[in-house]
Structure formats: structure tokens, C-alpha cells
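There are 2 protein chains.
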Amino acid sequence: MKIALDAMGGDNGSKAAVHGAVWAARDFGITIQLVGQPDTIKAELAEHNIKDLDLPIIPAKEVIEMDDHPAAAVKSKKDSSMVVALRSVKQGNSDAFVTAGNSGGALAAALFGLGRIKHIKRPALGTIFPTESEYGHCFLLDVGANTNVRPEYLFQFALMGSYYADKVLNISSPRVALLSTGEEEEKGSILIQEVAPMLKQSALNFVGNVEGKDIPTGVADVVVTDGFTGNVYIKGAEGVAWIIQRMLEREIKARPTAVLGALLARGAIKAFRTKVDYREFGGGPLLGVNGVVIIAHGRSDPYAIRHAIRVAKQAAENKIVDAIKSGLKDCAPMNGK
Amino acid sequence: MKIALDAMGGDNGSKAAVHGAVWAARDFGITIQLVGQPDTIKAELAEHNIKDLDLPIIPAKEVIEMDDHPAAAVKSKKDSSMVVALRSVKQGNSDAFVTAGNSGGALAAALFGLGRIKHIKRPALGTIFPTESEYGHCFLLDVGANTNVRPEYLFQFALMGSYYADKVLNISSPRVALLSTGEEEEKGSILIQEVAPMLKQSALNFVGNVEGKDIPTGVADVVVTDGFTGNVYIKGAEGVAWIIQRMLEREIKARPTAVLGALLARGAIKAFRTKVDYREFGGGPLLGVNGVVIIAHGRSDPYAIRHAIRVAKQAAENKIVDAIKSGLKDCAPMNGK
């Protein structure tokens with residue numbers, strides 16, 4: 036198992052990437068190919084004990100910066116860490132690609148370098164999201180790859196999400212739902228009203244439409260939406276979690292006994308924070324391209340990088356690309372269209 | 036000031052509606068017209084001390100139920116509390132209408148009974164949302180009236196929201212933003228990319244595009260989106276607040292010292308809950324119809340009804356309909372189109 040890691044991307048740059056790679060190589064016993072500028076990578080590697088670890092460097096001179104225009108950067112920076120890493124995946128020298136860099140750039144580079152799975156119209160970016168289901172999370176897609184969609188794209192997102200939940204998240208017969216403004220079939224946008232019947236007739240375990248407030252209760256294992264709505268939803272969750280914490284802190288600080296109370300509850304608060312840690316949720320797969328691509332949160336620290344590498348390993352081991360291909364074959368309405 | 040209240044609607048029915056009306060009549064010294072089945076209303080009124088309060092009954096035999104099909108119910112139930120109350124507003128016998136009933140029904144009844152303000156293409160449902168701004172909240176619209184929109188609708192939502200924030204929420208020169216997937220102009224859907232330039236060229240105080248995570252930080256006073264995305268956003272916030280509370284409770288209950296800590300922090304938790312109480316945020320105006328219409332949360336209890344009546348009173352006193360009309364005149368690009 037060889038994972039090609041973009042050693043240059045992310046808000047925390049090479050320091051976080053290399054540290055996360057060392058951690059993952061040790062914990063999972065796999066090869067992590069560090070793709071990027073050799074001098075920078077070597078300097079970071081010198082900070083760690085890497086005895087017995089397999090951390091080869093794949094040289095790439097350029098970097099797609101966080102503020103680069105995605106498509107333009109991918110075209111002009113042929114020797115960037117992203118483009119080089121994806122070439123390695125394409126050539127079969129790497130089993131998966133992980134990056135915390137410019138996510139639009141990663142999407143463009145993956146489309147350009149790997150291409151789409153045959154019959155897949157658009158790749159989708161997924162993420163797990165905390166719920167009260169027995170699994171503790173659901174899989175939500177698309178969260179940002181496609182801001183303008185058609186019904187058949189959403190249908191394919193449902194199919195890809197279902198196979199990902201089954202093969203990689205070990206959720207058997209995952210319950211698939213459409214994110215809408217009400218459970219009733221007549222509610223929601225024209226788009227939703229066109230997709231729902233397609234899902235109903237499919238072999239997927241479609242459980243109907245769900246509202247934004249139902250996702251955390253665990254009513255579905257795979258929640259399907261367009262990339263605009265999905266992006267607003269997960270960023271909204273981030274914002275709401277932030278303001279809840281902020282407002283609660285303010286009320287606590289205004290009361291000395293409450294400050295003491297918070298101190299006593301510290302262990303519980305810490306345990307809770309671990310469970311909703313973005314670092315556990317940030318590494319999301321880009322499904323629909325011809326290879327395993329994991330796009331981690333731009334803010335990723337070493338722990339988040341390690342986690343994204345683990346997700347990549349699981350996706351590669353469970354042959355998610357082949358699973359989607361066979362799923363397309365079994366799903367008559369979309370086959371060959 | 037006379038407010039026509041749908042005394043039959045909402046999950047908590049006449050009990051909550053009449054109780055809220057009594058409360059509001061006493062606190063605000065205004066007339067609340069209770070619209071609905073007289074026997075039911077009288078039975079509820081008998082539970083309260085209504086001496087010196089002005090709570091006339093406007094009889095209406097039928098009720099638009101929570102699960103009725105909105106448009107069909109409005110057409111067939113001509114003597115329903117919603118239709119009768121809106122007729123009273125239309126005829127100038129009431130200054131505003133408040134309901135916690137079937138919100139789709141309220142929208143259809145308002146469109147049918149009052150019509151749209153001239154030149155307004157679609158009415159929009161707004162709500163205030165807690166933020167860290169100096170005002171403590173922003174105004175978010177549309178949150179559900181229009182699941183399929185065009186650029187000019189969003190432009191008008193911005194205009195109506197801006198006037199509502201100014202006239203009713205007392206936010207001068209409100210900062211207007213578009214909800215998108217990034218601040219950058221090239222991000223977001225085709226829709227967003229068409230609306231942003233229109234807003235830039237307008238007299239509104241347009242501050243650009245904002246992400247879901249930025250709303251709670253208070254970067255804008257009026258956040259404009261389509262009714263599908265807005266509905267998913269606010270329901271998502273409800274769901275996230277729920278799961279945070281649930282997960283935190285579970286961690287606390289697993290630790291005896293944390294349980295004690297939570298007990299000590301009880302006052303702070305209670306104060307926090309009051310601040311994010313849906314009952315303070317639930318009553319949202321339907322802007323763009325020819326009259327003041329406030330649609331309260333279906334789960335409204337008496338306190339929420341009282342609050343919705345207060346919002347209706349403020350909107351009527353500050354002549355929001357006239358403000359929108361004059362705003363349309365001043366906004367050349369939309370005038371007469």
C-alpha cells in the first residue's frame with residue numbers, strides 16, 4: 036500500500052503534512068510517498084525519528100497555492116505536487132492521493148490527471164457527519180464539487196455514496212436519503228422532485244427525503260444533495276457549533292460558580308470535543324474519479340493528515356473505484372447513458 | 036393597532052394561541068382579534084383573566100390543518116381562520132396577521148388574500164438568526180417560501196430584507212450579503228454569480244458573499260439566499276444545536292464530577308438557552324405581500340405566539356409594506372419590470 040501525499044499543501048504546509056505522514060507510516064505500517072520540494076521535505080523529516088519507516092520523496096518543484104485559480108494552476112503548474120502525485124496514481128505507482136491543499140485545485144488536478152469513471156457525469160466530494168445512528172455518523176455528499184447540478188448527477192451521487200458507505204464505512208445496505216425542505220414528496224425544489232422517483236425505482240435503499248434538522252438524528256446513512264447546499268450545510272454546522280460554544284462560554288464566564296462547574300465538567304467537554312473534532316471528519320473522498328483521492332480540510336494539523344491517510348488506505352484497500360464501476364453496471368437506468 | 040391571530044393553527048392549537056394572545060394583549064395594550072371557531076376560543080378564554088383586555092372573536096368555521104395541501108385548502112376552505120383573518124387585513128379591519136399554522140397554507144392564503152406588492156415577483160419568508168454582531172442577530176431570507184428562484188427574485192429579497200432590517204429591526208444601513216460557498220466572486224452557483232453584480236450596482240449596502248460558517252460571526256445584517264438553501268440552513272442549525280446538546284449531555288452523565296459541574300453551571304446554561312430560544316427567533320415575516328403577515332413556528336407555545344404578535348406590531352407600526360414600496364421606486368433596475 037503506497038499513499039501519495041501532497042507534502043506542500045494546506046494552511047499548515049509541509050510541517051503538518053510531513054508530521055502526519057510520519058505518524059501514519061508508523062501507525063499503519065504503510066508507505067507514504069511525500070510529493071513536493073525535496074529540500075523542504077528533507078528539512079521536515081529531519082525533525083522526526085523515521086527509522087524503519089518507508090517515506091520516499093517524489094520530487095515536484097511547484098506548488099498550487101491556496102489562492103491560485105484551480106483550473107489555471109493545474110494547467111500551468113505541470114510540475115506541482117498535486118499534478119505529480121496524481122500522475123503517480125494514474126501510472127499505478129501509488130494507490131491513493133491525499134492533500135490538504137487548495138481543494139478546487141485538487142478537484143481540477145484529479146479530473147485532469149485521473150479522469151472520470153466511465154458513465155459518471157460529475158465527481159462529488161463527500162464527508163462524514165456526526166449523527167446519533169448506531170454508526171455515529173452518516174456520509175454526506177456533495178459538499179462542494181458541483182454547485183450547479185442536474186437530476187442524473189444527484190442520482191449518481193446517491194449511488195457512489197451508497198457504495199462508499201457499504202465498502203469503506205462498513206454500513207451494510209446503507210439508507211439513502213435526499214436532503215430537502217420536508218419529508219413530503221411534493222416539497223423541495225424541482226430538482227428534488229425529479230431525483231426522488233429515480234431513486235425510488237433504483238436498487239438503492241432509498242428512504243425518502245429528509246430535512247436539515249433530521250440529519251444529526253441518524254435517519255439516514257447517506258445524505259445526497261448538490262454541492263452548493265451541502266457546502267452551506269456543513270459550513271453552517273461549523274458556524275453554529277462555534278457560536279454555541281462562544282455564547283455558552285460568555286454566560287459561564289459571567290458566573291463564578293459556573294466557571295467552577297465548567298472546570299469540573301472539563302473531562303466531559305474534552306471528550307465531547309474529540310467526538311466532533313473536524314480532524315476526524317475533515318478527510319473526505321472525491322468520488323467518481325478514476326482513483327482514490329482524499330481531500331482533507333485546509334486547516335489540517337498532523338493528526339488530521341494522519342486521519343486522511345487512514346481514510347485513503349481504507350478506500351484503496353476496499354477498492355472503492357471498482358465498487359462504483361460495478362454499481363453502475365447493476366444500476367440499469369444510468370448504465371451507458 | 037389590531038392584530039388578527041389565527042386562533043386555530045399550530046401544533047399546540049387554540050390553547051397556545053389564545054394564551055399567547057391574552058399575554059400579548061396585556062403586555063402590549065393592543066387589540067388581538069381571535070379568528071376561528073367561537074366555541075373553542077371562548078372555552079380557552081375562560082381559562083384566563085381577560086378583564087380590561089380587548090380580545091374580540093372573528094368567527095371562522097373551518098381550519099386549514101397542518102397536513103392539508105396548502106393551495107387546495109385555501110381554495111376549498113373559504114371560511115377557514117386563515118382566509119377569514121387575511122380578508123380582515125385586506126379590508127383594513129386588521130393591521131397584521133399572525134399564524135402558527137400550516138406555513139405553506141399561510142403563504143398560499145396570503146398570496147391569494149392580499150396579493151403581492153406591485154413589481155414584487157415573489158414574497159419571501161424571513162427570520163432572525165443569532166450572531167455575534169452588535170445587534171445580536173441578522174435577518175435571513177428566504178427560509179422556505181421559494182424553493183426555485185431566479186436572480187431577480189434574490190435581488191428583491193435583498194431589497195425587502197434590507198428595508199425590514201432598517202425599519203423593523205432598527206439596523207441602520209444594514210450590511211447585505213449573499214449566502215455562497217466562498218467569499219470569492221467566482222465561487223458559488225450560476226445564480227449567485229448573476230445576482231452579485233446586480234447587488235453591487237444597487238443602492239443597497241452590499242458587502243459581498245458569505246459562507247455558512249460566517250453568518251454567526253456577524254459579518255452581515257441581512258443574508259440573502261433561495262428558500263431551499265435557507266430552509267436547509269436554519270433546520271441544519273436546529274439539528275446541530277440538538278446533537279451538540281445531546282452529545283455533551285451524554286459525556287457529562289458518564290462522569291459524576293461533570294454532573295456536579297453541570298449543576299453548578301446551571302444558571303449559565305439556562306441563560307444561554309434563553310438567548311438561542313427558537314421562540315424568540317421563530318416568528319418570521321412574509322415579505323412582499325400586500326400586508327403584514329407573520330408566520331410563527333408550528334411548535335409555538337404561548338410565549339412564542341406572544342413574541343410573534345410583538346413582531347407583527349412592530350412591522351405594522353413601522354409600515355414595512357410602504358417602506359418596501361418606496362424602496363422599489365428608488366431601486367431603478369427593478370422598477371416597473
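First to last, the protein sequences are chains A and B.
Under the working numbering, the residue at position 55 of the first sequence is numbered 90, and the numbers go up by one with no gaps.
Under the working numbering, the residue at position 301 of the second sequence is numbered 336, and the numbers go up by one with no gaps.
Ideal Cβ placement from N, Cα and C applies to all residues, glycine included.
In this structure, DSSP gives PRO209 of chain B a state outside helix and strand, which the three-state scheme calls coil. In chain B, no part has a C-beta under 7 angstroms from the C-beta of TYR198 of chain A; the shortest such distance is about 25 angstroms. Counting along the chain, LEU121 of chain A sits inside the alpha helix (DSSP H) bounded by residues 116 to 125. When only Cα atoms are considered, VAL242 of chain B and TYR199 of chain A end up about 39 angstroms apart.
Contact annotation: in the region 273 to 287 of chain A, residues whose CB is within less than 7 angstroms of a CB in chain B are GLU273, GLY274, VAL275, ALA276, TRP277, ILE278, ILE279, ARG281, MET282, LEU283, GLU286 and ILE287. Judged by DSSP in its simplified three-state form, ILE67 of chain B adopts strand. Closest by C-alpha distance to LEU90 of chain B, out of B:GLU273, B:GLU97 and B:HIS54, is B:HIS54. Runs of the beta strand (DSSP E) spanning 3 or more residues and lying entirely within the region 180 to 243 of chain A occur at 211 to 214, in chain order.
With fewer than three CB-CB distances shorter than 8 angstroms, the region 129 to 140 of chain B does not count as touching the region 167 to 176 of chain B.
Not a single CB atom of chain B sits nearer than 8 angstroms to the CB of PRO158 of chain A. Contact check for VAL324 of chain A and LEU146 of chain A: beta-carbon distance about 6 angstroms, within the 8 angstroms limit, so the pair qualifies. Counting along the chain, ASP41 of chain A sits inside the beta strand (DSSP E) bounded by residues 37 to 41.
Bridge pairing for GLY319 of chain B: B:ILE330 [DSSP]. In this model, VAL328 of chain B and VAL184 of chain A are separated by some 34 angstroms (Cα to Cα). Here VAL245 of chain A carries a strand assignment [DSSP, helix/strand/coil].
Taking a 10 Å sphere around the C-beta of GLN126 of chain A, we find fewer than 16 other C-beta atoms and assign the residue as exposed. For the options B:ASP256, B:SER361, B:ALA193 and B:ASN137, the alpha carbon positioned closest to that of ALA231 of chain B is the one of B:ALA193.
Straight across, the Cα-Cα distance linking SER115 of chain B with LEU121 of chain B is about 10 angstroms. For TYR268 of chain A, at least one C-beta of chain B is nearer than 8 angstroms to its own C-beta. For chain A, the residues of the region 238 to 255 of chain B that bring a beta carbon within less than 8 angstroms of one of its beta carbons are GLU246, GLY247, LYS248, ASP249, ILE250, PRO251 and THR252, in chain order.
Residues of chain A whose Cβ lies closer than 7 angstroms to the Cβ of PRO165 of chain B are, in chain order, ILE278. The beta carbon of ALA180 of chain B is closer than 8 angstroms to those of LEU142, ARG157, PRO158, ALA159, LEU160, GLY262 and LEU321 in its chain, skipping five residues each way along the sequence.
Sixteen is the threshold: since fewer than 16 other Cβ atoms of the shown chains lie within 10 Å of the Cβ of PRO291 of chain A, the residue is exposed. Contact between VAL211 of chain A and VAL259 of chain A holds, since their C-beta atoms are separated by about 7 angstroms, short of 8 angstroms. Each of A:ILE92, A:ASN128, A:ARG61 and A:LYS37 was checked against the Cα of SER49 of chain A, and the nearest Cα belongs to A:ILE92. The criterion of a C-beta distance shorter than 8 angstroms is satisfied by SER215 of chain B and ASN244 of chain B. Comparing C-alpha distances from ALA303 of chain B to each of A:MET282, A:LYS37 and A:ALA59 shows the shortest one belongs to A:MET282. Residue contact with chain A for LYS310 of chain B: present (Cβ-Cβ distance below 8 angstroms to some residue of chain A). By the CB criterion at 8 angstroms, ILE38 of chain B and LYS310 of chain B fall outside the cutoff.
At a C-beta separation below 7 angstroms, ARG290 of chain B has these neighbours in chain A: GLY302 and ALA303. In this structure ASN266 of chain B is buried. Its beta-carbon is surrounded by 16 or more other beta-carbon atoms within 10 angstroms.
Residue pairing for HIS172 of chain B: DSSP places it in a beta bridge opposite B:PRO165. Ranking B:GLU229, B:LYS364 and B:ASP312 by CA distance to the CA of HIS172 of chain B puts B:ASP312 first. Contact note: SER224 of chain B reaches chain A through THR182, ASN183 and PHE263, using a C-beta cutoff of 8 angstroms and chain order. Here ALA351 of chain A is buried. Its C-beta has 16 or more other C-beta atoms within 10 Å.
Contact annotation for PHE307 of chain B against chain A: MET282, LEU283 and GLU286 [CB-CB distance below 7 angstroms, chain order].
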